[in-house]
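Novice: Before anything else, here's the structure in question.
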Amino acid sequence: MKKSRLLTLTGILFLFSVLLMALTKTGSSNQNKLAASIERGKKVYAERCLTCHQADGGGVQNMNPPLTKTKWVLGDKIQLIQIVLKGLSTGVEIDGDSYHNVMASHADLTDLQIADVLTYVRNSFGNKAKTVTEAEVRSVRAKTK
Amino acid sequence: MKQLLLKPVCIAVLLCAFSLIACAGDTTKVATNSKENADDVILKLPDGFTASVFAEGLGHARHIAVNTNGDVYVKLANLKNGKGIYRLRDTNGDGKADDITGFGDIAGTGIAIKNGYLYASTDEEVFRYKLDAANNVANPDKPEKIVTGLLSRHEHEAKAIALDNDGNLYVNIGAYSNACQVADRQKGSPGMKPCPILDSAGGIWQFKADKPNQTYGDGIRYATGLRNVVGLNWNTATNTLFVMQHGRDQLHDLFPDLYDTKQSAELPAECMYELHKGSNCGWPYIYYDEFQHKKILAPEFGGDGKKTAGEDAQDPVVAFPGHLAPNGLLFYTGNKFPEKYKNGAFIAFHGSWNRAPEPQKGYLIAFVPFKDGKPAGDWEIFADNFSGGPELTASGHAKHRPCGLAQGTDGSIYVSDDSKGTIWKITYTGK
Numbered sequence: 843m844k845k846s847r848l849l850t851l852t853g854i855l856f857l858f859s860v861l862l863m864a865l866t867k868t869g870s871s872n873q874n875k876l877a878a879s880i881e882r883g884k885k886v887y888a889e890r891c892l893t894c895h896q897a898d899g900g901g902v903q904n905m906n907p908p909l910t911k912t913k914w915v916l917g918d919k920i921q922l923i924q925i926v927l928k929g930l931s932t933g934v935e936i937d938g939d940s941y942h943n944v945m946a947s948h949a950d951l952t953d954l955q956i957a958d959v960l961t962y963v964r965n966s967f968g969n970k971a972k973t974v975t976e977a978e979v980r981s982v983r984a985k986t987k
Numbered sequence: 317m318k319q320l321l322l323k324p325v326c327i328a329v330l331l332c333a334f335s336l337i338a339c340a341g342d343t344t345k346v347a348t349n350s351k352e353n354a355d356d357v358i359l360k361l362p363d364g365f366t367a368s369v370f371a372e373g374l375g376h377a378r379h380i381a382v383n384t385n386g387d388v389y390v391k392l393a394n395l396k397n398g399k400g401i402y403r404l405r406d407t408n409g410d411g412k413a414d415d416i417t418g419f420g421d422i423a424g425t426g427i428a429i430k431n432g433y434l435y436a437s438t439d440e441e442v443f444r445y446k447l448d449a450a451n452n453v454a455n456p457d458k459p460e461k462i463v464t465g466l467l468s469r470h471e472h473e474a475k476a477i478a479l480d481n482d483g484n485l486y487v488n489i490g491a492y493s494n495a496c497q498v499a500d501r502q503k504g505s506p507g508m509k510p511c512p513i514l515d516s517a518g519g520i521w522q523f524k525a526d527k528p529n530q531t532y533g534d535g536i537r538y539a540t541g542l543r544n545v546v547g548l549n550w551n552t553a554t555n556t557l558f559v560m561q562h563g564r565d566q567l568h569d570l571f572p573d574l575y576d577t578k579q580s581a582e583l584p585a586e587c588m589y590e591l592h593k594g595s596n597c598g599w600p601y602i603y604y605d606e607f608q609h610k611k612i613l614a615p616e617f618g619g620d621g622k623k624t625a626g627e628d629a630q631d632p633v634v635a636f637p638g639h640l641a642p643n644g645l646l647f648y649t650g651n652k653f654p655e656k657y658k659n660g661a662f663i664a665f666h667g668s669w670n671r672a673p674e675p676q677k678g679y680l681i682a683f684v685p686f687k688d689g690k691p692a693g694d695w696e697i698f699a700d701n702f703s704g705g706p707e708l709t710a711s712g713h714a715k716h717r718p719c720g721l722a723q724g725t726d727g728s729i730y731v732s733d734d735s736k737g738t739i740w741k742i743t744y745t746g747k
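Line order of the protein sequences matches chains A and B.
Using my numbering, you'd call the opening residue of the first sequence number 843 and step up by one each time.
Using my numbering, you'd call the opening residue of the second sequence number 317 and step up by one each time.
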């Protein structure tokens with residue numbers, strides 16, 4: 843009896859530690875994935891977005907909208923992906939200020955590049971929002987004309 | 317186990333540290349910016365000049381005009397308390413507006429006074445208000461519509477205006493495009509030749525100053541090949557229209573193999589042109605390179621940064637550094653500034669954004685001396701530090717952005733700022 847109890851306890855402890863290790867590992871590998879995506883996204887941002895939206899995501903008065911603290915960036919991922927794919931020529935209004943400049947389509951970027959740049963934008967300049975995955979971009983692209 | 321426990325602790329500590337830094341930053345910000353007040357910057361001016369705040373807190377104050385009695389009229393890009401035009405009157409002559417009144421539910425950029433009328437534009441129309449014998453707006457709620465139906469397509473939509481001495485009104489109709497590509501600002505999209513935009517935009521249109529409800533068919537395309545003009549003015553010394561063009565953007569973004577970020581920040585020049593009926597300034601096919609002193613074929617049309625083109629296009633009168641965004645132009649005809657300023661040009665540079673990732677520039681008033689209707693020397697900085705300091709200039713987070721210029725009846729000049737709506741009065745007090 844005593845022996846089997848000890849065995850059960852050891853078993854439980856073992857399982858628990860395995861579970862913990864697995865969790866830690868998943869956590870850190872997710873962290874690594876996020877960091878890698880942000881790193882790649884930063885490069886795409888520099889080539890495609892920085893001139894208009896600026897290095898700090900602050901945008902330009904009346905012309906190019908800021909990418910900070912706005913539902914356009916932090917909210918619906920589908921809409922956000924669509925803007926990158928199709929561009930935007932209708933202007934947007936944020937906190938009573940309107941931004942008019944035309945944004946070109948960036949549909950020539952790969953699904954991964956779009957996922958990366960959006961993940962970067964959603965996790966930079968003080969933003970914190972869920973990542974955008976390559977699969978999500980692929981799915982939106984398939985439905986976007 | 318240890319690792320697991322340590323992680324959240326580390327994160328918490330980091331977060332605390334970050335929020336402390338953030339809070340500290342915010343506090344400083346509030347301390348300097350809490351009042352929407354131009355005391356937060358001290359303008360740098362040549363010896364003998366002083367600047368004082370004539371009015372402030374007007375919001376997006378675009379162009380300004382001065383009436384014969386000294387009243388300053390300000391056009392707002394966004395309505396403030398439902399009004400798009402503000403009249404600033406200094407009743408006791410202390411250099412500060414003390415009687416401020418708003419009227420007109422029209423937002424926009426352009427404003428000018430001529431022959432007893434105040435002209436003001438929206439992004440599609442131009443109106444005028446009769447000024448009565450007491451120098452008040454006769455019917456503030458009933459302006460006369462002079463021009464209507466102008467194109468406004470989310471890019472270069474501001475309709476800056478000027479009037480000559482022969483009953484004509486000039487309106488900028490900016491091109492709704494950067495370089496007339498098939499898809500605007502899209503990498504790889506070719507330029508359209510001929511550029512179809514030029515039929516109805518990308519130039520200056522001339523209308524009659526007193527004829528109601530004119531539109532494209534009633535006016536003439538006075539000058540073409542101008543991407544976008546915000547600063548323009550009639551030069552009474554030459555009896556010609558001078559304009560400041562906003563040069564094209566994004567040479568590096570669109571053609572990274574031809575232009576590095578530094579070249580893209582410097583090119584092309586922001587150009588001053590003297591216009592005549594039929595003038596062509598070359599957009600979108602060429603841009604002006606102030607280092608090579610040449611008109612260069614735009615890369616959308618086969619250019620490589622070296623090939624020249626635009627033999628039929630005018631050369632600029634003055635070329636300024638790229639992307640500084642000239643929004644106001646004034647020829648000084650007063651007698652209160654030193655002799656060198658007589659008939660010279662003041663230009664309000666709104667400040668750049670398209671120089672990123674290089675440091676931004678601008679947010680200043682430049683001066684070009686003129687003699688016999690031609691520039692008589694290099695341009696120089698007249699008033700600086702609207703941004704609040706070099707770091708705020710470099711980051712583009714300028715506190716104030718010069719936009720409009722007007723000459724006071726007392727020989728001073730006024731400058732408007734469309735960031736916070738400050739109006740400065742600059743006077744010469746030296747001997």
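Idealized CB from N, CA, C, for every residue including glycine.
Would you call the CB atoms of A474/B and T425/B closer than 8 Å?
Specialist: For the purposes of this step, residue 474/B is taken as residue 158 along the second sequence, with counting starting at 1. For the purposes of this step, residue 425/B is taken as residue 109 along the second sequence, with counting starting at 1. Their beta carbons are under 8 Å apart, which means A474/B touches T425/B by this criterion.
Novice: Could you name the residues of chain B that L876/A contacts, counting a contact when the two beta carbons are closer than 8 Å?
Specialist: Reading the first sequence from its first residue, position 34 is the one you call residue 876/A. Those do not exist, as L876/A stays about 14 Å from chain B at its closest Cβ, beyond 8 Å.
Novice: Taking the alpha-carbon of V390/B as reference, which of N397/B, T384/B, L374/B and G398/B has the nearest alpha-carbon?
Specialist: As a position in the second sequence, residue 390/B is number 74, starting the count at 1. Comparing Cα-Cα distances from V390/B to each of N397/B, T384/B, L374/B and G398/B, the minimum goes to L374/B.
Novice: T709/B by DSSP, collapsed to three states: which one?
Specialist: Residue 709/B sits at position 393 when you count from the first residue of the second sequence. Here T709/B sits in helix by DSSP.
Novice: R537/B lies in the beta strand (DSSP E); which residues open and close that run?
Specialist: Position 221 of the second sequence, counted from the first residue, corresponds to residue 537/B. R537/B -> beta strand (DSSP E) spans I536 to T540.
Novice: Give the straight-line distance between the Cα atoms of G483/B and D898/A, rounded to the nearest whole angstrom.
Specialist: For the purposes of this step, residue 483/B is identified with residue 167 of the second sequence, where counting begins at 1. For the purposes of this step, residue 898/A is identified with residue 56 of the first sequence, where counting begins at 1. So the two alpha carbons sit approximately 48 Å from each other.
Novice: Just to confirm the assignment, what range does the beta strand (DSSP E) spanning C511/B have?
Specialist: As a position in the second sequence, residue 511/B is number 195, starting the count at 1. Unbroken run through C511/B: none, as it is neither H nor E.
Novice: Kindly indicate the opening and closing residues of the alpha helix (DSSP H) around A478/B.
Specialist: Locating residue 478/B in the second sequence gives position 162, where the first residue counts as 1. From DSSP, A478/B is part of no alpha helix (DSSP H) but of the beta strand (DSSP E) over I477 to L479.
Novice: So with Cβ pairs under 8 Å, would you call A499/B a contact of chain A?
Specialist: As a working note, residue 499/B is residue 183 in the second sequence. Chain A contact via Cβ: present.
Novice: CA-CA distance, S879/A and V974/A?
Specialist: The residue given as residue 879/A occupies position 37 in the first sequence. The residue given as residue 974/A occupies position 132 in the first sequence. Their Cα atoms are separated by approximately 9 Å.
Novice: In chain order, what residues of the same chain lie with their CB nearer than 7 Å to the CB of V915/A, ignoring the 5 residues before and after it?
Specialist: Residue mapping note: residue 915/A aligns to position 73 of the first sequence, counting from 1. Within the same chain, V915/A has close Cβ partners L909, L922, V963, R964 and N969.
Novice: For the segment 511-519 of chain B against the segment 532-540 of chain B, are there 3 or more C-beta pairs whose distance is under 8 Å?
Specialist: The segment 511-519 of chain B, when compared against the segment 532-540 of chain B, does touch it at the 8 Å Cβ threshold.
Novice: Going by DSSP, what residues sit across from N488/B in a beta bridge?
Specialist: Walking along the second sequence from the start, residue 488/B turns up at place 172. Beta bridge pairing from DSSP links N488/B with I520/B.
Novice: Please list, in chain order, the chain A residues whose beta carbon lies closer than 9 Å to that of E586/B.
Specialist: The count along the second sequence starts at 1 and reaches residue 586/B at position 270. Within chain A, no residue comes near E586/B; the closest Cβ sits about 16 Å away, beyond 9 Å.
Novice: For G411/B, tell me which candidate among N397/B, T725/B and Y679/B has the shortest Cα-Cα distance.
Specialist: Indexing the second sequence from 1 puts residue 411/B at position 95. Among N397/B, T725/B and Y679/B, the Cα nearest to that of G411/B belongs to T725/B.
Novice: Residues of the segment 646-674 of chain B with a CB closer than 8 Å to any CB of chain A: list them in chain order, please.
Specialist: W669, N670, A672 and P673
Novice: Please name the residues in the segment 891-925 of chain A whose beta-carbon is closer than 8 Å to at least one beta-carbon of chain B, in chain order.
Specialist: L892, T893, C894, Q896, A897, D898, G900, V902, Q903, N904, M905 and N906
Novice: Decide if the segment 611-627 of chain B is in contact with the segment 654-661 of chain B; the criterion is three or more beta carbon pairs, one per stretch, under 8 Å apart.
Specialist: no
Novice: Could you round the C-beta distance between P392/B and A377/B to whole angstroms and report it? I think they count as a contact, below 8 Å.
Specialist: Along the second sequence, read from residue 1 onward, the residue named residue 392/B stands at position 76. Along the second sequence, read from residue 1 onward, the residue named residue 377/B stands at position 61. Looking at the sequence itself, residue 392/B is Leu, so the reference to Pro does not match. That pair is a contact at about 6 Å.
Novice: Closest by CA to V934/A, which one among Q873/A, A984/A and K913/A?
Specialist: Along the first sequence, read from residue 1 onward, the residue named residue 934/A stands at position 92. If we check each option's Cα against that of V934/A, K913/A comes out closest.
Novice: Skipping 5 residues on each side, what residues in its chain have a beta carbon closer than 7 Å to that of D734/B?
Specialist: For the purposes of this step, residue 734/B is taken as the residue at position 418 of the second sequence. Same-chain partners within the cutoff: H376, A377, R378, A393, R717 and C719.
Novice: Should T348/B be labelled buried (16 or more other beta-carbon atoms within 10 Å of its own) or exposed?
Specialist: Stepping through the second sequence from its first residue, residue 348/B is reached at position 32. The pLDDT assigned to T348/B is 32, lower than 50, so where the model puts this residue is not dependable; a value taken from the coordinates is nonetheless given after this. T348/B is exposed by the Cβ-count criterion.
Novice: How would you label H472/B, buried or exposed, when you count the other beta carbons within 10 angstroms and need 16 or more for buried?
Specialist: Translated into the one-based positions of the second sequence, residue 472/B becomes position 156. H472/B comes out buried.
Novice: What ranges does the beta strand (DSSP E) occupy inside the segment 415-447 of chain B, keeping only unbroken runs of at least 3 residues that lie completely in it?
Specialist: Entirely contained in the segment 415-447 of chain B, the beta strand (DSSP E) runs reaching 3 residues are, in chain order, 415-419, 427-430, 433-437 and 442-446.
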